[in-house]
Structures are given as C-alpha cells and as structure tokens.
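Peer 1: Handing you this structure, nothing more for now.
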Amino acid sequence: MNNPMLAAVETLLKETFEGPGENGSWYTESKPGSGLFGTLGKLSEKEASISVNGTTIAAQTDHTRYYLWVANSYLNGEEPEKDWGASWKIAKVDKMTWEKFKQELQQEYTTLLKKVGSLDSLDEQTSNGLLGAIAHSAYHLGSIRQMIKGL
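And the structure:
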C-alpha cells in the first residue's frame, strides 16, 4: 500500500479488531487478545447478556457491527435506511445468537478491511468515514472492556 493514510487506517483497524501487531500497540494494551475479537471471544452468551448501566455487551457488539455495515454500504455507493436504535434493544442472547453476532461483526470488519486495501486514494468523505469507523469501534471496544470489569 503506497498511501500512508490508508496504511495507517489499515493498521488501526487491525489493532481495534484483531489486537496489536508484532511491533506493539498504538492505543490498546500490548498483549494478545486486547482487540475486539479477543475481548469478545472470552465471553459467554450469559456474560454478554448481563445489563451494565442499562446496556449489554451483546448490544454493544451488534451496534458496532451495524455501524460497520452502514460504513461499508456508503463505501459501496449505497445509502442504506438506518435504524440506529434497533441494536440497543438487545438485552439477552442465546449461544447461537451470540456466535452469530460475533461472526457478523467479523464479516463486516473483513469487508471494510478489503475495501481499504482496494483504495488508492481518499477523498474527504471517505477519509471521514474510515476514521469514524476506527474511532467508533475503538470507543465501543473501550466500553465493552469497562463493562467486563463490572461483571
């Protein structure tokens, strides 16, 4: 990748979701499992369903997935109908639903990462969308990690 901004976006997306790379961390803990996938992978469906300050980790997870879906839609030139409140209604998940949420989050992340890898340059709209996806996902990673402390 020849574009330094796109390379940085890719690096920070990977750290947010997969955890820090071999060269250390830009902002997460410098240990395995500190990204979103490692954090969620340690939780059962029962833990993901516990309400902490009025929300659940399951809701945080699905909301993050939904945000990535919206970002991916815009990057594909689509303008999706949005229902931001739907994910926040999730209170309890069973094992199958919890696994589905994690798989769908992985799929949306993979789609976004592939899109970043296919870009040659960034316009302002795309830059804002990609940086917003990093910031939004990192925010929810932090929220989830704090919620885990309350479990």
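Using the working numbering, the first residue of the sequence shown is number 11, and each one after it goes up by one.
Glycine included, every Cβ here is placed at the ideal spot set by N, Cα and C.
Quick one, which of Leu22, Lys110, Arg75 has its alpha-carbon nearest tryptophan 94's?
Peer 2: What you label residue 94 is simply residue 84 of the sequence shown in a count that begins at 1. Taking only the C-alpha atoms, the option nearest tryptophan 94 is Arg75.
Peer 1: Short of 8 Å in beta carbon distance, which residues of its chain neighbour glutamate 20, apart from the five on each side in sequence? Order them along the chain.
Peer 2: Counted from its first residue, the sequence shown places residue 20 at position 10. For glutamate 20, where only same-chain residues beyond five positions count, the Cβ hits under 8 Å are Met11, Leu123, Val126, Gly127.
Peer 1: Exposed or buried, what is aspartate 104 when buried is set at 16 or more other beta-carbons lying within 10 Å of its beta-carbon?
Peer 2: One-based indexing of the sequence shown puts residue 104 at position 94. Aspartate 104 is exposed by the Cβ-count criterion.
Peer 1: Pull up the distance between the alpha-carbon of glutamate 25 and that of serine 153, whole angstroms please.
Peer 2: Sequence index remark: in the sequence shown, residue 25 carries index 15 (1-based). Sequence index remark: in the sequence shown, residue 153 carries index 143 (1-based). Glutamate 25 and serine 153: Cα-Cα distance of roughly 16 Å.
Peer 1: Between the Cα of methionine 157 and those of Ser35, Gly64, Leu22, spot the shortest distance and give me the residue it belongs to.
Peer 2: One-based indexing of the sequence shown puts residue 157 at position 147. Residue Gly64 is the option with its Cα nearest to methionine 157.
Peer 1: Given a cut-off of 8 Å, decide if tryptophan 108 and alanine 69 are closer than it, judged by their beta-carbon atoms.
Peer 2: Working through the sequence shown from its first residue, we reach residue 69 at position 59. Working through the sequence shown from its first residue, we reach residue 108 at position 98. No.
Peer 1: If you count every other CB in all the chains shown that lies within 10 Å of the CB of lysine 92, and 16 or more means buried, which is it?
Peer 2: To locate residue 92, count along the sequence shown from 1; it is residue 82. Answer is exposed; the Cβ neighbour count stays below 16.
Peer 1: Give every residue of the same chain whose Cβ lies closer than 7 Å to the Cβ of isoleucine 60, excluding the five residues on either side of it in the sequence, and list them in chain order.
Peer 2: Locating residue 60 in the sequence shown gives position 50, counting from the first residue. If we look at isoleucine 60 and ignore the five residues flanking it on each side, its Cβ neighbours are Thr66, Leu161.
Peer 1: Where do the N-terminal and C-terminal ends of the alpha helix (DSSP H) with threonine 21 fall, by residue?
Peer 2: Looking up residue 21 in the sequence shown gives position 11. Here the alpha helix (DSSP H) through threonine 21 covers 14-28.
Peer 1: Skipping 5 residues on each side, what residues in its chain have a beta carbon closer than 7 Å to that of glycine 34?
Peer 2: The residue given as residue 34 occupies position 24 in the sequence shown. Within the same chain, glycine 34 has close Cβ partners Ser40.
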